[in-house]
Amino acid sequence: MNDPFALDLTIILLLLGVGAAMVAGNIAALLKSNKEGTEIFFTRTIFLTIVGLVITIWSIASLINR
Numbered sequence: 023m024n025d026p027f028a029l030d031l032t033i034i035l036l037l038l039g040v041g042a043a044m045v046a047g048n049i050a051a052l053l054k055s056n057k058e059g060t061e062i063f064f065t066r067t068i069f070l071t072i073v074g075l076v077i078t079i080w081s082i083a084s085l086i087n088r
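With our numbering applied, the sequence shown covers 23 to 88.
Right, here's the structure in full:
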């Protein structure tokens with residue numbers, strides 16, 4: 023590892039943050055819509071939660087594999 027700026031680690035951590043934020047934000051939207059009775063795009067919210075979960079799991083696997 024001759025990377026003086028640790029860009030590979032930085033990119034992995036940024037992706038971990040983005041994925042975790044996608045999961046947390048979409049779950050919060052689902053919970054808020056259930057409480058208030060507002061209508062959301064349920065399919066899109068579930069899809070983006072799954073995408074965020076995949077990004078998060080992939081980032082964690084990349085960190086473990088380092």
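Ideal Cβ placement from N, Cα and C applies to all residues, glycine included.
Since we're looking at a predicted model, the values are computed, not measured.
State the Cα-Cα distance for the pair residue i and residue j, rounded to the nearest angstrom.
i, j, result
"Ile62", "Pro26", "45 Å"
"Ala42", "Thr67", "14 Å"
"Gly74", "Asp30", "20 Å"
"Phe64", "Asn24", "46 Å"
"Asn71", "Ala46", "Checking the displayed sequence, the identity of residue 71 turns out to be Thr instead of Asn. Cα to Cα, Thr71 sits roughly 8 Å from Ala46."
"Ile34", "Gly59", "37 Å"
"Asn56", "Asn48", "12 Å"
"Ala28", "Ser84", "14 Å"
"Lys54", "Ile79", "25 Å"
Below 7 Å CB to CB, which residues in the same chain sit around residue i once its five sequence neighbours on both sides are set aside?
i, result
"Ser37", "In the sequence as displayed, the identity of residue 37 is Leu instead of Ser. The residues are Ile77, Ser81."
Can you give me the start and stop residues for the alpha helix (DSSP H) that residue i sits inside?
i, result
"Thr32", "29-58"
"Arg66", "64-87"
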